[in-house]
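Protein chains in written order, with the numbering used here: chain U, 3 to 251; chain W, 3 to 251. Here a beta-carbon is modelled for each residue, glycine too, at the ideal position from N, C-alpha and C. All of these numbers come straight from a predicted model, not from anything done at the bench.
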DNA sequence: CTATATAATGCAAATAATTGCAATATAAGT
DNA sequence: ACTTATATTGCAATTATTTGCATTATATAG
């Protein structure tokens with residue numbers, strides 16, 4: 003077998019699986035690992051692969067995973083925000099959680115929209131502040147450094163004494179069986195209160211989080227009225243959720 | 003599993019959920035926590051994550067910066083902040099108003115200072131958030147767009163139920179006869195409550211505001227214990243105020 | 001303060017990479 | 001075809017990396 007053939011084979015494998023192990027390839031082609039390593043060295047010179055301990059990876063994969071300068075899946079979140087914002091009508095009282103998706107929502111609010119927003123997330127509030135016609139009610143309490151959102155009894159009380167038309171819920175994990183789940187107890191308690199205080203609950207979730215589970219259950223699926231993702235409403239990924247009564251947007 | 007794969011997985015998790023716990027990840031991938039910690043250390047080196055006790059979080063969460071570019075008399079305010087910060091001791095409960103001087107104060111807080119800050123000013127809270135050891139209690143209520151501070155009955159109630167060691171008061175006008183005055187009714191009510199709830203009241207004011215009057219009286223001079231300006235304590239400008247019992251710093 | 005959990009450090013075992021060297025294969029020129 | 005020069009390959013010894021464990025230090029929570 004010629005060297006070029008071998009290298010072509012290696013490239014094909016890498017394009018297929020994004021990575022290879024020197025050991026596996028050397029066995030598959032019954033040559034020594036040294037040979038494979040030398041091939042990889044050459045291919046790296048030309049920029050076709052990236053060598054790592056134990057094998058090599060696709061440079062595109064490498065690039066992809068290592069160059070988030072920005073918010074993860076920002077485009078998807080922008081798309082979600084664009085769709086979600088259509089649900090807000092003038093004069094509504096809206097309560098929102100925090101999270102990067104909510105921030106994108108805050109950024110695309112129409113400037114002429116007149117509404118009242120209840121929110122305990124500092125970054126979200128900062129965005130809301132930029133809109134001239136929006137009234138902001140800050141939910142006050144201890145500020146959780148992790149989530150940059152206020153949590154605690156006082157916050158819960160404040161939410162309880164509120165009847166919102168709409169609740170925008172940043173969703174961390176949603177699953178057809180286990181419903182909506184999250185990983186921070188304080189935040190879960192807060193979100194529960196928000197759901198209870200709202201007529202209509204809108205979940206915002208990038209599709210990646212669909213069919214995933216987090217340690218703490220927030221609510222069963224039927225508490226969520228509308229789920230906004232970057233996919234179209236009839237995407238097969240949403241099929242199970244739609245069957246369970248979720249209305250995708 | 004390759005090291006880079008693991009790190010890519012960690013990054014994805016962090017981008018999805020904003021934080022991870024070393025223990026959880028190490029179980030998910032069945033490697034030791036040491037390995038995860040070392041991965042996190044590497045990722046931190048490259049600035050991809052921020053290590054915290056027990057795991058790591060997304061850096062975009064940590065370094066959200068605010069640019070208040072055109073602050074009037076910033077140098078004077080910086081000097082005031084430097085002096086004022088010496089009054090805070092470990093373990094104190096501090097309540098502060100908003101305003102650019104308070105923001106400068108927030109910026110010069112020693113990183114090792116452990117204290118609790120009550121505050122309703124969004125920009126100030128953003129600054130406080132950058133300090134790892136400070137506990138922040140957000141005073142919640144309607145957000146005044148002008149002053150970017152929460153005002154209203156709920157805020158007053160929250161302040162009333164509080165006993166602070168120290169109150170840092172951004173001062174808009176101070177006069178030997180008319181005392182401290184301001185121009186926003188909501189803010190005045192709020193500051194009054196803060197004064198009442200604090201052992202010691204520290205006014206922060208650039209010298210330019212000394213001997214000026216604003217429409218609404220906030221309090222007589224004797225409610226202010228210490229006045230911090232950019233001048234030295236024995237500056238002639240402060241003479242009248244000192245004679246009235248104010249202690250300049 | 002005390003108890004518990006987490007972090008940092010040094011060490012040892014396992015695995016992988018590198019290098020020099022010898023054997024073999026390939027190519028080129030006569 | 002024969003010889004020589006060059007390239008490729010496998011092997012062994014050396015070196016570097018990675019990983020887990022034990023120990024000690026540090027931080028967090030009650």
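{"Item": "Below 8 Å on C-beta distance, what does residue 152 of chain U contact in chain W?", "Value": "140, 142"}
{"Item": "With a CB to CB cut of under 6 Å and the five nearest residues on each side skipped, what residues in its chain are close to residue 70 of chain W?", "Value": "Low local confidence applies: a pLDDT of 47 at residue 70 of chain W is under 50, so the model's placement there is unreliable, with the coordinate-based value given in what follows. Hits under 6 Å: none found."}
{"Item": "Following the continuous alpha helix (DSSP H) through residue 173 of chain U, name the residue where it begins and the one where it ends.", "Value": "Neither: residue 173 of chain U is in no alpha helix (DSSP H) and is coded neither H nor E."}
{"Item": "Which of helix, strand or coil does DSSP assign to residue 125 of chain W?", "Value": "helix"}
{"Item": "Which chain U residues sit within Cβ distance under 8 Å of residue 160 of chain W?", "Value": "142, 156"}
{"Item": "Suppose you measure from the CA of residue 163 of chain W to the CA of residue 146 of chain W; what does that come to, to the nearest Å?", "Value": "22 Å"}
{"Item": "At which residues does the alpha helix (DSSP H) containing residue 10 of chain W begin and terminate?", "Value": "5-19"}
{"Item": "Quick check on the DSSP output: the beta strand (DSSP E) that includes residue 211 of chain W runs from which residue to which?", "Value": "From DSSP, residue 211 of chain W is part of no beta strand (DSSP E); its letter is neither H nor E."}
{"Item": "Quick one: grab the DSSP three-state call for residue 193 of chain U.", "Value": "helix"}
{"Item": "My understanding is that residue 96 of chain W touches residue 113 of chain W, with C-beta atoms under 8 Å, so please give their C-beta distance in whole angstroms.", "Value": "Not quite, the Cβ-Cβ distance comes to about 16 Å (not below 8 Å), so this is no contact."}
{"Item": "Which whole-angstrom value is the C-beta distance of residue 109 of chain U and residue 81 of chain U, which I expect to be below 8 Å?", "Value": "That belief does not hold up - the Cβ atoms of residue 109 of chain U and residue 81 of chain U are roughly 13 Å apart, past 8 Å."}
{"Item": "Can you pull the chain W neighbours of residue 148 of chain U, defined as C-beta to C-beta under 9 Å?", "Value": "20, 21, 54, 59, 63"}
{"Item": "Using only the alpha-carbon positions, how far apart do residue 121 of chain U and residue 53 of chain U sit?", "Value": "47 Å"}
{"Item": "Measuring CA to CA, which of U:202, U:126, U:157, U:195 is closest to residue 220 of chain U?", "Value": "U:195"}
{"Item": "Suppose contacts are defined by Cβ-Cβ distances below 7 Å. Is residue 157 of chain U in contact with residue 143 of chain U by that definition?", "Value": "yes"}
{"Item": "Whose C-alpha, out of U:216, U:215, U:232, is nearest the C-alpha of residue 78 of chain U?", "Value": "U:232"}
{"Item": "Comparing alpha-carbon positions, which option in U:139, U:55, U:176 lies nearest residue 229 of chain U?", "Value": "U:176"}
{"Item": "Less than 7 Å separating the beta-carbons of residue 155 of chain W and residue 197 of chain W?", "Value": "no"}
{"Item": "Give me the subset of the region 208-225 of chain U whose CB atoms are less than 9 Å from a CB atom of chain W, sorted by chain position.", "Value": "208, 210, 211, 214, 216, 217"}
{"Item": "Express the C-alpha separation of residue 169 of chain W and residue 252 of chain W in angstroms, rounding to a whole number.", "Value": "The question about residue 252 of chain W has no answer here: the residues shown for chain W are numbered 3 through 251."}
{"Item": "Would you kindly work out how many angstroms separate the C-alpha atoms of residue 2 of chain U and residue 125 of chain U, rounded to a whole number?", "Value": "Residue 2 of chain U is absent from the model: chain U starts at 3 and stops at 251."}
{"Item": "Is the CB-CB distance between residue 215 of chain U and residue 180 of chain U below 7 Å?", "Value": "yes"}
{"Item": "Classify residue 106 of chain W: buried if its beta carbon has 16 or more other beta carbons within 10 angstroms, exposed otherwise.", "Value": "buried"}
{"Item": "Kindly indicate which three-state DSSP category residue 117 of chain W falls into: helix, strand or coil?", "Value": "strand"}
{"Item": "Is residue 234 of chain W helix, strand or coil by DSSP?", "Value": "coil"}
{"Item": "Report, in whole angstroms, the separation of the C-beta atoms of residue 204 of chain U and residue 115 of chain U, which I expect to be a contact under 8 Å.", "Value": "In fact, because the Cβ distance is near 16 Å, the residues do not count as touching under 8 Å."}
{"Item": "Use the C-beta contact count for residue 183 of chain U: other C-beta atoms within 10 angstroms, 16 or more gives buried, fewer gives exposed.", "Value": "buried"}
{"Item": "Check for me: the alpha helix (DSSP H) holding residue 45 of chain U runs from which residue to which?", "Value": "35-47"}
{"Item": "Expressed to the nearest angstrom, what Euclidean distance is found between the alpha-carbon atoms of residue 75 of chain U and residue 15 of chain W?", "Value": "12 Å"}
{"Item": "Are the CB atoms of residue 244 of chain W and residue 250 of chain W within a distance shorter than 7 Å?", "Value": "yes"}
{"Item": "Using a Cβ cut-off of 7 Å (strictly closer), state whether residue 127 of chain U contacts chain W.", "Value": "yes"}
{"Item": "Buried or exposed, going by whether 16 or more other CB atoms sit within 10 Å of the CB of residue 5 of chain U?", "Value": "exposed"}
{"Item": "Give a yes or no on whether the C-beta atoms belonging to residue 161 of chain U and residue 199 of chain U are separated by under 7 Å.", "Value": "yes"}
{"Item": "What residue range is occupied by the uninterrupted beta strand (DSSP E) comprising residue 152 of chain W?", "Value": "151-153"}
{"Item": "Out of curiosity, what's the CA-to-CA distance linking residue 100 of chain W and residue 185 of chain U?", "Value": "33 Å"}
{"Item": "Hey, how far is the Cα of residue 12 of chain W from the Cα of residue 86 of chain U?", "Value": "29 Å"}
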